[in-house]
Amino acid sequence: MLSVMQKNMGETEDSAVRPKVTDAKGILKQNRQFLDYFWDIAKPEREIRLKAIEDLIEHLKQSEKPDELKYSLKRLVDGLSHTRDDARSGYSVALAQLLSVFEEISLKSTLDSVKEKHNLQTVKKKLVRNAAFGNFFGVLALSQSTRLHKEPQVMLECVRLLQRLSQYREHLRDLPRKTMVDILSETSKEVFEEVLLSALQSDLTSALNTPEQLELLLVALQKFPSVLKPKKLKKLLGTTAVITKENMPKLVEVLKTAARSVKKENILPPVAFDLLQASLREDNFEMFWNEAIIKGMLSETPGPTHYLSFRLLGASLPLLSVAQLEFVLSADVMTHYGQHMLSAQLADRFKFAPEMEKYVSEFMQSCADADKQLTVALGFTQLTNQGYPVIPSCWKDLEHMDLCALQKYVEWLMEAFCKPQLEKCLDFSTRRQKGNQETEVDSDGCVARFRKWIILRLMFIGENHQIKKREDLVMKMARFIFFHAFFDVKKPTPEIPETTQALSVPIDQQTRASISSAFYGLLQGLNTMAVLGDSAEPERRTLGVKADGSMWIYCVVQYATMLLEQSKHVQSVQTFSPEQRQGWDSMLGSVEALRKKAKKSSSPEHSAFQHLFLLVGIQMFKAPEESLELLNDLRTCMEKAQAKKTKKKKANGKSSEEEPLWVEVVVEILLSLLSQPSRLTRGVCKAVFGRICPHLTQEALRSILSVLDPNKDEDESGVMVTDEKEKKKKHKAEEDEDDAEDEEGSDSSSSSDDDDEDEDEDDEDEAMEEGEEVDQNFRLDLMKVLQGQNALATEEDGSDEEELDDAAMMKLDGSLSALFLEQKKKIQAKKDEKDRLRKEKVLVRDFKIKVLDMVEMFLSKQGSSALVLGMVEPLLSVIENGMSSETSQQEQDFLRKAADIFRNRLCRGKYYCRDIEGREAELHDMLERLIGRAQKLTDSSVSLYYFSAALYVLKVLRGVVSEQDSANAPSTASELRLMGKVDVERVTTCFRNALTSFMTKRKSPLTGAMFIDLFNRFPVLCVNLLDTAVENITAGVREHQQGQACVVVLRALQTKDVKNLMSDAQRTELHQKVVDQLAKSFEDVQCKNKMVREKIVKALELCQHLVRIVHGQKMQVNLELLQKVLKSMNSEGSLQRPGQLEDTYWSVMKLFGVLKPKMEKVKKVVEAEQTEETTKKKKKGFLPETKKRKNRKKPTVLEGKETPASTETAGRASGEEGKKKKNKKKNKKRKPQGGGEGEPTQNQPATKKAKTPQQQQKKK
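The numbering of the sequence shown is this note's numbering, which starts it at -6 and goes up by one.
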């Protein structure tokens, strides 16, 4: 027994990967946990390594055993050359901690043991890499022990060892030099001067050869300037300073080497940053930047050297003065950076912009000097490509600017807009732009591009909430953008500061249009801006207002009114007619009246109308005619809203029939505004609609839903606004075409010939598109023209020798050109009509998406309103129509948004309608319609939405089931039976018909998951429908329906609420019915296809649940028949293979006490059969029976003289002959084995004949 135990222990030890440790004194046997520390130190997980190191040090402190300390030192030194990186670093850190805690361990002896263990001279060639790492990590552990500076001689030996390790660069790269720099940075002046300086003499002398040696010198200069004086540098380098013209070529080569070495890491080499600091100390920065960076690094092709220059530029920003910043930001490095920004826009290109933004952001955060911040911001702003700045207008680095610097920066932008001085900018052109441009760049075009960017930058500053700014600065920018978008200066006046700065170049129409759109974008940002400054009350969350409570848009309207009154000094680009000016004044009066009323008593009506008046009023500068009509409607609407309060108690029915309420008019106005493609109007309409949501009526909601009706695509009022503009464009285009006709009529005949060729090509394309009918009509017209000019040869002529004279030919050419021109216009008209219809369709869909936003807002704010019930069927019709319509991206977005609103905002909303007094019959009718429609559909996904809507209506009818909400499910049977105002019999009949339809129709859109959801949410209906589901376990039309019936019954039986609603007798009766149905379904079942197997699996899962419940609760249910049927299913042993069906079957049988038989013997038989088959297959030289050719009955000479040996050789020959016919190339090289070289071909049939007896013997 002892020998067996020793043998087993030996096997376990041999199976482990751990190396054999010699322990002569048996120290390790005393504490197994002590050895595990070293295994954990080598684990890949960092947390485990650190925990093991901490535990090891603590264990050694407490034990105070010198043998364990000695063993730990030896074990850690041995692990320094481990093959894995994580293990090496773990052992190195552990050794450093050990040396730091136990100062009695000598550093000299530790270094000697490292050299001895990892001797680079005696190690095998394959282990040189591990030995090099062992030495390096040993020195690293000594340097991290914080004791190395106390023993200068050991430090000297470490530095010399690192110098020797620098030869193994292919393994260690620049790690030895970096470690020397770290040791140097922690060394005192005396130790460096007395000990290390002589040891580093060779490295410091050759400092200009490699980046590592140069970095060593630069660190020494930075750390010990008093030791490395200019005289000492003169001895080392030959120059009194590092940054000199003599050293520049070598410094450039070192920088290029350093740039290539960090190509993959994308970092700034430390030697480059140290050189930059050295140039600043030696006051040679400009020479270093010009000679080393611009002339040296940038002379290379774009790549690592350029990226090093960019990184050096970003890293130098905090170190430079204002003058140096101006010098750097106006040099060629910025130009190359701009060219990189443009070229990096292509895909799969390295983009340096994120790194530069990070450098600038860190500079802005750390720098407290406003002048430096302004200099950097201006430097990057003035980097332009043909007038357009390369830096994007949305520059997040401005978020950290000081308020004073931001104020000066905005003033500079405004001045640059009025008087652009592009000659002061750092402008450049790419090589492609230089190659494409034939003449000089248009200065006016550059100015326009620069102005557009400035406006976008001002807009970004104004609407960005992260940039700290004051209200006066924001208002100043808004006034500036508004003025230059809609006004021109006649005469400067100090009352209007925007007129004091004259424009050096007039603003063109395109630029003014972009300024106008930017203004409305800024206004949208102001409407959603929180209160600026510290004076804002923390509890006040009103958006779009200033600290005094006035709205931003109101301040802008006041400024616009002041400009309109100063007609002597400024002129509006959009001149107002007297009616429009009167509309503007009346709008101001309405706003002032609303402001007075809002001060007395705040009301959502007042704020809603005020927003609308201001929005429509400011839109007059863009579209005066449409805005004037909307203002009149708004004024009428406001008057009705005011009259509503006084006439509220009088004749509500009559007034509602005669005139619409104010809310309905406001909704119509909002819908008309949403049809305009403006982000400002969309945002303000959203804000206004949110305020009037509590006051919506059924008619107002119906007008919103009518827009979404798929049958009314061409009747939206919002689309007509856009169509009117298109009609104007169309009339202009027709007039231009008429003018073109007159001009073309006076053209020469040579141009008509060219037109004929183009028209012929267009006619061919048109014939391909429009079909045979149009082509045939054109052909007939062409025939008439040719016959009218006698230019078409007929059969009666018989000859084509007659030719037309010149006059007839000219007349014919004119007729043909007119015909082809007319055909071309027809084709173009049809194309324009198609394009118009397509654009109109896109506009309609975009308008509907905006309307869906209103629907979503209403559901989120007024989910408990009774009006929500009228949105169910319209939203379902939108989803149903979207499923069957086209699959464009915009259509998919619209459908996805509608489905998301219906599912998440309506059906799954937290709040729902609870006041349905008098609407019970209506809701029951809706429920039956929804269930009926769900059964008639062909798409299950659409049917699911209808079924979910029916469950929502059912939830509304049930109402609150307890004092708490329905989220806390009740547990008592009395509470469960509460169904509110639901007609249980009617609803049960409806859902029973749906369940029967699902189980008896072969192609039903309903699914089992729908009824499972119904059973889970409404247990009362589940109890009423369980009988129908149980019957369909066997009565289902297909195996799929039968399996779904099993799943539905299983989920119902697993629900606790169903158990609470049924008595014990009812539950026993139900379980007995289910058992009988299952037994009937298992009779004579055959797993012939996948559907049958899935059905059996689901039935077995139901059976497993039933048997557990019956046995666990000891119910009086007869399971004998079910057990007998289940046993008969495996009568032939077909259910003993592994699989889901088999596993489920045996889990059920296990509940009856029947275990699955073992399969060991069967496996051996199968293996034996497999081995016999493999042995048969291994025999070579014989073809299978199906591949053998029948013998031909031909007389042969050798027939009757066969011997067994000759039969075998003949068989081989015939086998080879078969191979010869398959591969004719090999047939030339091989010879038959049955005869000699000169054997005639007549012998071949004899060999085939001789093979037949052998084949007969094999068959027998």
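We put the CB at the ideal spot given by N, CA and C, even for glycine.
Here Trp282 is buried. Its C-beta has 16 or more other C-beta atoms within 10 Å. For Ser1056, there is no enclosing beta strand (DSSP E), as DSSP marks it with neither H nor E.
Annotation: the continuous beta strand (DSSP E) that includes Asn378 extends over 376 to 378.
By a beta-carbon distance limit of 8 Å, Phe895 contacts Ile872. Their separation comes to about 6 Å.
Only exposed fits Asp501, as fewer than 16 other CB atoms lie within 10 angstroms of its CB. Counting the other CB atoms within 10 Å of its CB gives Pro382 a total of 16 or more, which places it among the buried residues. For Ser565, the secondary structure class from DSSP, reduced to helix, strand or coil, is strand.
Note: Asp420 is bridge-paired with Thr377 in the DSSP secondary-structure output. Separation of the CB atoms of Arg442 and Gly380 is rounded to 4 Å, and the pair is thereby assigned contact status at 8 Å. DSSP places Phe129 outside any beta strand (DSSP E); the residue lies instead in the alpha helix (DSSP H), whose first and last residues are 121 to 136. Comparing alpha-carbon positions, the option among Glu416, Val369, Val1100, Asn378 lying closest to Met394 turns out to be Val369.
Remark: C-beta atoms of Gln160 and Ala192 do not approach each other more closely than 9 Å. The three-state reading of DSSP puts Pro382 in strand, counting E and B together. Contact annotation: Ala859 and Arg912 have beta-carbon atoms nearer than 9 Å.
Relative to Lys469, the option among Cys548, Leu211, Phe303 whose CA is nearest is Cys548. Taking C-alpha positions only, Lys143 is separated from Val152 by approximately 15 Å. Nearest to Glu96 by C-alpha distance, out of Phe126, Ser422, Thr115, Leu135, is Leu135. Where Phe480 is concerned, the enclosing beta strand (DSSP E) starts and stops at 480 to 482. Check the Cα spacing between Phe453 and each of Gly1036, Ser997, Glu392: the tightest is with Glu392. Within 10 angstroms of the beta-carbon of Gln1035 lie 16 or more other beta-carbons, which makes it buried. With respect to Ala680, Gly863 sits apart: the two C-beta atoms are not nearer than 9 Å.
Here Ile489 carries a strand assignment [DSSP, helix/strand/coil]. Under DSSP, Val538 forms a beta bridge with Met544. Residue environment: Thr1021 is assigned as buried (16 or more neighbouring CB atoms within 10 Å of its CB, all protein chains considered). When secondary structure is reduced to three states using DSSP, Trp388 falls in the coil class, being assigned neither helix nor strand. When Ser596, Val1051, Tyr939 are compared, the shortest CA-CA separation from Asn1009 is found for Val1051. Across the set Asp435, Met613, Ser595, Val584, the C-alpha of Val584 shows the shortest separation from the C-alpha of His604.
Inter-residue distance for Val147 and Ser302 is about 40 Å (C-alpha atoms, whole angstroms). Taking C-beta separations shorter than 7 Å and ignoring five residues to either side along the sequence, the partners of Leu221 in its chain run Ala213, Leu214, following chain order. Selection Gly952, Ser668, Leu814 evaluated against Leu845 yields Ser668 as nearest (Cα-Cα). In the DSSP assignment, Arg588 falls within the alpha helix (DSSP H) that extends over 571 to 593.
The C-alpha of Arg995 lies about 15 Å from the C-alpha of Ala927.
With respect to the C-alpha of Ala942, the residue from Leu950, Ser934, Leu923, Thr931 having the closest C-alpha is Leu923. Beyond the five residues adjoining it in sequence on each side, Met972 comes within less than 7 Å, by CB distance, of Arg951, Val1013 in the same chain, given in chain order. Look at the beta carbons and you see the region 199 to 209 touching the region 236 to 250: at least three pairs across the two are nearer than 8 Å. Per DSSP, Ala308 is one residue of the alpha helix (DSSP H) stretching across 297 to 309.
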